[in-house]
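Written below as structure tokens is the structure these notes are about.
In this note's numbering, the protein residues as written are -10 to 296.
And the structure:
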């Protein structure tokens, strides 16, 4: 599974922002100084009835500086909206750290993570940890999923990716400046629960995939961001399907079930007049089990906004 890519376009954004060691230990990210900008036209959809309009926009949680996506139809839709809806409202670091300690701590008596992995993955795990500059012992008090997340994202700053350039950050700043209310579809505790609720076997499979993918860090993510920037949800969906084929249980937890719930949220929100800009990871708006696909099952149309 291309875990590093899926974290950027489809899964919970809080793990990118607050994984306790990943961003703090990694190399400094590139700044926008001297970066040549390039245009991007990511896909935008609209769901509406007589008195309610809900825009659906797919985000990327980490981006390189210089990608100009917040303009044209996207900014026009945002400006028309009364409310911004995100996957979650970012908690403060102290709250997030407390949740991680509470929900990610390994049961007493757990073996070191390297010893829990299959023998053929232990060396690669230790090598990845050495490469990102984190002592493996730092994770031995936690459940394996946290090490998997960290390995999946810790190398991104060296490649120029920056969470401060992510779409949620840009939209949040714009909403606050405009005085728009911001609503979260989920809570930080709920999102962490998707990982802490995994079985031990699934957590180790998740970590093993991250270890296997680590040497290729960035190439698939670049591809998916190019598809996003080109407004190609079909291509993005196909790329995601390649990455999730081997772990359908994980895809169900992180994508399918959440998409179904969010579709129901949209259907309920249509009963209240107003205009909403809903922004979630682009992977949730791509593929056969997308939010739009669940809306269609209930005969609610999501139309692509041409621009």
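Beta carbons are placed, not taken as given, at the ideal position from N, Cα and C, and that holds for glycine.
Inset, instruction - Check the DSSP bridge columns for residue 293 and list the partner residues they point to. - result: The residue given as residue 293 occupies position 304 in the chain shown. In the DSSP output, where bridge partners are listed per residue, residue 293 has 34.
Legend entry - Inter-residue spacing [alpha-carbon to alpha-carbon] between residue 28 and residue 103: On the chain shown, residue 28 is found 39 positions in, with the first residue counted as 1. On the chain shown, residue 103 is found 114 positions in, with the first residue counted as 1. Looking at the backbone, the Cα of residue 28 and that of residue 103 are separated by about 43 Å.
Inset, instruction - Look at the Cβ atom of residue 341, then the Cβ atom of residue 47, and state whether they are nearer than 8 Å. - result: Examination of residue 341 is not possible in this model, given that the chain is present from -10 through 296 alone.
Inset, instruction - Decide yes or no for the touch test of the stretch 173 to 191 against the stretch 120 to 127: beta carbon pairs closer than 8 Å, at least 3 of them. - result: Verdict: no, contact absent.
Inset, instruction - Would you identify the three-state DSSP class for residue 146, choosing helix, strand or coil? - result: Here residue 146 refers to the residue found at position 157 of the chain shown. It is helical.
Legend entry - Same chain, Cβ closer than 7 Å to residue 254, five either side skipped, listed in chain order: Walking along the chain shown from the start, residue 254 turns up at place 265. Only 174 meet the Cβ criterion.
Legend entry - residue 44 vs residue 70 beta-carbon contact at 8 Å: Residue mapping note: residue 44 aligns to position 55 of the chain shown, counting from 1. Residue mapping note: residue 70 aligns to position 81 of the chain shown, counting from 1. A Cβ-Cβ contact shorter than 8 Å links residue 44 with residue 70.
Legend entry - For residue 230, the nearest candidate out of 60, 209 and 66 (CA to CA): By one-based count along the chain shown, residue 230 stands at place 241. With distances taken between Cα atoms, residue 230 lies closest to 209.
Inset, instruction - Quickly, what does DSSP pair residue 43 with across the bridge? List them, please. - result: Locating residue 43 in the chain shown gives position 54, where the first residue counts as 1. Checking the DSSP bridge columns, you'll see residue 43 partnered with 36 and 265.
Inset, instruction - State the DSSP-derived secondary structure class of residue 27, mapped to helix, strand or coil. - result: Along the chain shown, one-based indexing puts residue 27 at 38. Residue state, collapsed to three classes: strand.
Legend entry - Coil, strand or helix - residue 161 by DSSP: Taking the first residue of the chain shown as 1, we reach residue 161 at position 172. If DSSP states are grouped into helix, strand and coil, residue 161 belongs with the helices.
Inset, instruction - Reducing DSSP to helix, strand and coil, say where residue 286 ends up. - result: The residue you call residue 286 lines up with position 297 of the chain shown. Three-state result, residue 286: helix.
Legend entry - Reduced DSSP category for residue 90 - H, G, I as helix; E, B as strand; rest coil: By 1-based counting over the chain shown, the position of residue 90 is 101. Taken through DSSP and simplified to helix, strand or coil, residue 90 comes out as helix.
Inset, instruction - Closer than 7 Å by C-beta to residue 176: which residues in its own chain qualify, once you throw out the five before and the five after it? Chain order, please. - result: By one-based count along the chain shown, residue 176 stands at place 187. The beta carbon of residue 176 lies closer than 7 Å to those of 77 in the same chain, with the five residues before and after it left out.
Inset, instruction - Within the same chain, show all residues whose beta-carbon is closer than 6 Å to that of residue 170, passing over the 5 residues directly before and after it, in chain order. - result: For the purposes of this step, residue 170 is taken as residue 181 along the chain shown, with counting starting at 1. A distance below 6 Å between beta-carbons, with the five flanking residues on each side excluded, links residue 170 to the following residues of its chain, in chain order: 72.
Inset, instruction - Could you name the residues that DSSP lists as bridge partners for residue 175? - result: By one-based count along the chain shown, residue 175 stands at place 186. Beta-bridge partners of residue 175 (DSSP): 77.
Legend entry - Rounded C-alpha distance that separates residue -2 from residue 206: Within the chain shown, the letter at position 9 stands for residue -2. Within the chain shown, the letter at position 217 stands for residue 206. About 15 Å.
Inset, instruction - State the DSSP-derived secondary structure class of residue 15, mapped to helix, strand or coil. - result: Along the chain shown, one-based indexing puts residue 15 at 26. Low per-residue confidence applies at residue 15: pLDDT is 48, beneath 50, and the placement is therefore not dependable, though the value from the model is reported in the following sentence. Residue state, collapsed to three classes: coil.
Inset, instruction - List the DSSP bridge partners of residue 270. - result: Along the chain shown, one-based indexing puts residue 270 at 281. Answer is 48.
Legend entry - Chain-order list of residues whose beta-carbon lies under 7 Å from that of residue 212 (same chain, five-residue window excluded): Counting from one through the chain shown, the residue named residue 212 turns up at place 223. Around residue 212: 228.
Legend entry - With 16 other Cβ atoms within 10 Å as the buried cut-off, status of residue 222: Here residue 222 is taken as the residue at index 233 of the chain shown, counted from 1. With 16 or more other Cβ atoms within 10 Å, it is buried.
Inset, instruction - Please name the residue or residues paired with residue 72 in a DSSP beta bridge. - result: Along the chain shown, read from residue 1 onward, the residue named residue 72 stands at position 83. The partner list for residue 72 (beta bridge, DSSP) reads 265.
Legend entry - Inter-residue Cα distance where the pair is residue 278 and residue 270: As a first step, residue 278 is located in the chain shown; it is residue number 289 there, counting from the start. As a first step, residue 270 is located in the chain shown; it is residue number 281 there, counting from the start. Their backbone Cα atoms lie some 14 Å apart in a straight line.
Inset, instruction - Find the nearest neighbour of residue 216 within the set 164, 49, 85 and 132, judged by alpha-carbon distance. - result: For the purposes of this step, residue 216 is taken as residue 227 along the chain shown, with counting starting at 1. Residue 49 holds the alpha-carbon nearest to the alpha-carbon of residue 216 among 164, 49, 85 and 132.
Legend entry - Contiguous alpha helix (DSSP H) assignments of at least 4 residues, all confined to the stretch 169 to 218: Within the stretch 169 to 218, the complete alpha helix (DSSP H) runs of at least 4 residues are 177 to 185, 189 to 202 and 208 to 218.
Inset, instruction - Per DSSP, which residues does residue 151 bridge with? Please list them. - result: Looking up residue 151 in the chain shown gives position 162. BP columns for residue 151 point to 52.
Legend entry - Helix, strand or coil at residue 246 according to DSSP, with G and I counted as helix: Stepping through the chain shown from its first residue, residue 246 is reached at position 257. Residue 246: helix per DSSP, three-state reduction.
Inset, instruction - Could you check if residue 17 is buried or exposed, using at least 16 other CB atoms within 10 Å of its CB as the buried criterion? - result: Residue 17 sits at position 28 when you count from the first residue of the chain shown. Any answer about residue 17 is weak, because its pLDDT of 48 lies below 50 and its placement is not dependable; what the coordinates show is given next. Classification for residue 17: exposed.
Legend entry - From 151, 115 and 272, residue whose alpha carbon lies closest to that of residue 196: One-based indexing of the chain shown puts residue 196 at position 207. For residue 196, the closest alpha carbon among the candidates 151, 115 and 272 is that of 115.
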